[in-house]
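In the order they appear, the protein sequences are chains Z and C. First residue of the first sequence? That's 4 in the working numbering, and the numbers climb one at a time after it. First residue of the second sequence? That's 165 in the working numbering, and the numbers climb one at a time after it. Heads up, the beta-carbon is just placed ideally off N, CA and C, and yes, glycines get one too.
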Amino acid sequence: MEGTAAPQTMNPPAPIAGLPPTVYRIGAFVISLILVALVIFISGASPATVIGRMVGGAFGTADQIGRVIATLSPLLLCAAGLVYTFNAGLYNLGVEGQITFGAIAATWTLRLLYPEGATASLLPPPAAIALAILVGGVGGIAWGLLAGALHVYGRISEIFAGLGLNFAATGIAIYLIFGPWKRPGVASLSGTQPFDESLWLGTFGRTEATPVALALGLIALIITIVVMRNTYFGLRLRAVGRNLRAAYVLGVPARRQLLSAFLICGLFAGVAGALQVVGVFHRLIPNISSNLGFLGLLVVMLVNFDPLWILPVAFFFSALNIGSLQLPLSLGLESSLSGVIQGLLVLFALLGRGLAQKYGRKPEG
Amino acid sequence: MESGQLLIILATAIASATPLVFACIGETLTERAGVINLSAEGTIMLCAMVGFVAAKTADNVWLGFLAAAIVGALIALVVAYGAITLKQSQIAIGFVLALLCSDLSAYLGNPYVRIPGPTVPPRFPMPVLQDIPFIGPLFFREGDILVYAGYALIVVAWFYFYRTRGGLTLRAIGEQPAAAFARGHNVIALRYAYTLIGGALMGIAGAAFSLDFKAGWSYRHTAGYGWIALAIVIFGGWNPLRAALGAYLFGVLQSLAGVAQSAIPDVPTQVFTVAPFVLMILALVLTSGDWLDRLLSYLPVNVRRSLARAIHTAPPAALGRPFEQD
């Protein structure tokens, strides 16, 4: 209990206060579900109906399942990238900007390869798409390293360096959409002129899901699991995250390690941004990141930075996002309910973890 | 640019920055006590919605402000409980709340989007003060009662921070909580109290947007202001006076962006809406990095000292760290 000093000797056995730690975590989870139900009630709907519609909205048709997968792919990339920065002890809120800048770089590449007025791409379409994804990744790296440099050399909190670059990337995207890259005749928030269909990434049947994006997401995740569990690099990253000064004193090149984390996260986020362009929207839009970076942050917080659990949680979150799109259509409710559910789950996971640490029965011995 | 035009720009800047003044002083108070309330973005957004809905339902603006302040304090209570009592990461909890509350504002506020509602009642021009040349039209012409409340808050906060025993204790629990505890101050209770007061001020900031300066409510009504408030607190060096100046400076940037829009037709107008946010963060980047020291080292010693004192500020030493009472 609080205020009880740690036992000084071995004999008075520590009073078995509290319940097993898992009880607190499950309790917190249950409370978050009750709050979700309450929020739905307040808006005048029935939780059962809402959940039914959301499940139907996510898995009802092949098209909807395709959309879940289309959301899952970039989310996996972002979450995998964030594992590196989180394990290095960094709150990389700049991931949104890294997605956006990756998307800008990919759009730029495709515009160069298929100039306005041309009848075909300068490269064969598969090569053009591959190059666009690659350049998108480089764009993400540039934006990630910029935040990293501001943090490592400028001593700016990575939170504000990242947020500042988010605003800047959005500003650049909007400038391009309304300025140099505007559609002939009309410039609007709906984005640039869509690319020629030859430059669209192939999909599973007629759905929005693209095998290439899914494969890239899964590859990024697998690489991340292997790196974090089985490599010296992952170990050093965790050392830096646990205690930067101690790691540095013990000979870990801390600056290089931090910058590497920004680089890898930027790469994955940039690829995600490029995939949003070639796979989903087929053009640059102002909100190209679609909040996937922030959603990735929630996913990684919920799994407590352990990449093994990212796939199921990211899949669940994607299904929530797509399922909630049904709400405005059928029940007149805002689709942001998915964000409320995700936020409550993560908040109570954090609080439950804290409760378990504070009041949970300590392991004996 | 004519001086009359400049005056209008500055007066507009002061009015539009007033909600930010509330938010920045609230967050300064919280952070001075050693707690970061990173939920600002969500708190301001949700409280803008709550304030609007409460004022509309009760048909009373002041009840709207009260409701917003209570909700702001409740969100801060979650931060305080997670950070102070459970000793979890303040950044993580605050960030989740930032997202959660902004989505909550969209979900629950859906039926209230873009409908007319009550606003802060008519203007109160100051009888004698408004006739002072320049100063009068600049600070008192608009006569908005919230603008006056902003001025009062700045003065009260500054006086409390630096001229009272309570302010001394506040600064102590953010810098040297162990020492404050040894002198008999209940660090945990005080941190709770200041976090809640800070949250309530952020709530009032939200209501000030939806009931006065950007009257009405729609989704993402106050987008970006919470993050800017957090940046301004750093820019202001955890000093309420400087934080308020930062907020007004941001207001000036916004007004100038409005002017630039008509002056530079080649750049699409939408760019100017993000420009102040970018500039503000850039200012933060330029004033807190290593490079500033290097630049200052070229100046004569006495100039360097006073400049460094003016620019350099350090966060409260115990900011973001839970206090171990035993």
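**OP:** Using beta-carbon positions only, say whether T359(C) and G370(C) come within less than 8 Å of one another.
**Re:** no
Original post:
Out of curiosity, what's the CA-to-CA distance linking S496(C) and E488(C)?
Top reply: Any property of residue 496(C) remains undetermined from this structure, which presents chain C solely from 165 to 490.
**OP:** For E2(Z), name the three-state secondary structure that DSSP assigns.
**Re:** Outside the displayed span of chain Z (4 to 368) sits residue 2(Z), for which this structure offers no information.
**OP:** Please compile the residues from chain Z whose C-beta is within a distance smaller than 9 Å of the C-beta of G215(C).
**Re:** Those within 9 Å of G215(C) in chain Z number zero; the least Cβ separation is about 17 Å.
Original post:
By DSSP, does W184(Z) sit in helix, in strand, or in coil?
Top reply: coil
Original post:
Exposed or buried, S374(C), counting other C-beta atoms within 10 Å across all chains shown (16 or more means buried)?
Top reply: buried
Subject >> Interface residues of chain Z facing F345(C) [CB-CB closer than 8 Å] >> reply: Chain-order list of chain Z residues neighbouring F345(C): empty, with the shortest C-beta distance near 13 Å, by a criterion of under 8 Å.
Original post:
DSSP state of F288(C), grouped into three classes?
Top reply: coil
**OP:** Return the first residue and the last residue of the alpha helix (DSSP H) that Y276(C) is part of.
**Re:** From DSSP, Y276(C) is part of no alpha helix (DSSP H); its letter is neither H nor E.
**OP:** Mind reading off the beta-carbon distance from Y324(C) to G314(C)? Whole number of angstroms is fine, and I expect it under 8 Å.
**Re:** Not a contact, Cβ separation roughly 16 Å.
**OP:** For my contact list, I200(C) and L483(C) are in at a C-beta cut-off of 8 Å; report their separation, rounded to the angstrom.
**Re:** 6 Å
Subject >> Boundaries (first-last residue) of the alpha helix (DSSP H) holding R286(Z) >> reply: No alpha helix (DSSP H) contains R286(Z), which DSSP labels as neither H nor E.
Original post:
Mind listing which residues of the segment 235-252 of chain C have their C-beta closer than 8 Å to chain Z's C-betas, in chain order?
Top reply: V242, Y245, G246, T249, L250, K251 and Q252
Subject >> Under the three-state DSSP convention, the category L125(Z) falls into >> reply: coil
Original post:
So, using beta-carbon positions, are G273(C) and M213(C) closer together than 8 Å?
Top reply: yes
Original post:
Name the chain C residues that come within less than 7 Å of E337(Z), Cβ to Cβ?
Top reply: A270, Y271 and N274
Subject >> Assigned secondary structure, P404(C) (DSSP; H/G/I helix, E/B strand, else coil) >> reply: helix
Original post:
Is it right to say V319(C) is buried, meaning 16 or more other beta carbons lie within 10 angstroms of its own, or is it exposed?
Top reply: exposed
Original post:
Looking at the structure shown, is K220(C) part of a helix, part of a strand, or coil, going by DSSP?
Top reply: In the three-state DSSP reduction, K220(C) falls in the helix class (H, G or I).
Original post:
If we ignore side chains and look at the alpha-carbon of each, how far apart do A9(Z) and A344(C) end up?
Top reply: Note on A9(Z): pLDDT 45, under 50, position unreliable in the model; no value is reported.
Original post:
How should I309(C) be labelled, buried or exposed, when 16 other C-beta atoms within 10 angstroms of its C-beta is the threshold for buried?
Top reply: exposed
**OP:** Report the three-state DSSP secondary structure of V316(Z) (helix, strand or coil).
**Re:** helix
Original post:
Taking Cβ-Cβ distances below 9 Å as the criterion, which residues of the segment 24-38 of chain Z are in contact with chain A?
Top reply: Chain labels in this structure do not include chain A; the protein chains are Z and C.
**OP:** Keeping to the same chain, check which residues put their C-beta closer than 7 Å to that of A439(C); ignore five residues upstream and five downstream.
**Re:** Short of 7 Å from the beta carbon of A439(C), and not among the five residues preceding or following it, lie these beta carbons of its own chain, in chain order: A421.
**OP:** Find the residues of chain C that neighbour A171(Z), judging by a C-beta separation of less than 9 Å, and give them in chain order.
**Re:** V438, F441, V442, I445 and L446
**OP:** Kindly say whether M304(Z), judged by its beta-carbon, lies nearer than 8 Å to any beta-carbon of chain C.
**Re:** yes
Original post:
Under the three-state reduction of DSSP, which class applies to Q425(C): helix, strand or coil?
Top reply: helix
Subject >> Partner residues on chain C for I288(Z), Cβ-Cβ distance less than 9 Å >> reply: Under the 9 Å cutoff, chain C gives no residues; its nearest Cβ is about 13 Å from I288(Z).
Subject >> Where the alpha helix (DSSP H) through K378(C) begins and ends >> reply: Segment: none, K378(C) is in no alpha helix (DSSP H) and carries neither H nor E.
**OP:** Can you pull the chain Z residues whose beta carbon is under 7 Å from the beta carbon of D376(C), in chain order?
**Re:** Those within 7 Å of D376(C) in chain Z number zero; the least Cβ separation is about 25 Å.
Subject >> Validate contact between the segment 226-239 of chain C and the segment 327-344 of chain Z using beta carbons, cut 8 Å, 3 pairs >> reply: No, the segment 226-239 of chain C does not touch the segment 327-344 of chain Z.
Subject >> Listed by chain order, chain Z residues near W391(C) by CB distance under 7 Å >> reply: L166
Subject >> Anticipated Cβ contact below 8 Å, P286(C) with V225(C), distance rounded >> reply: Between the beta-carbon of P286(C) and that of V225(C) there is about 12 Å, and that puts the pair past the 8 Å contact cut.
**OP:** Leaving out five residues on either side along the sequence, give the residues of the same chain with a beta carbon under 6 Å from the beta carbon of V71(Z).
**Re:** A61, S321, A322 and I325
Original post:
Quick one: what does DSSP say A482(C) is sitting in, helix, strand or coil?
Top reply: coil
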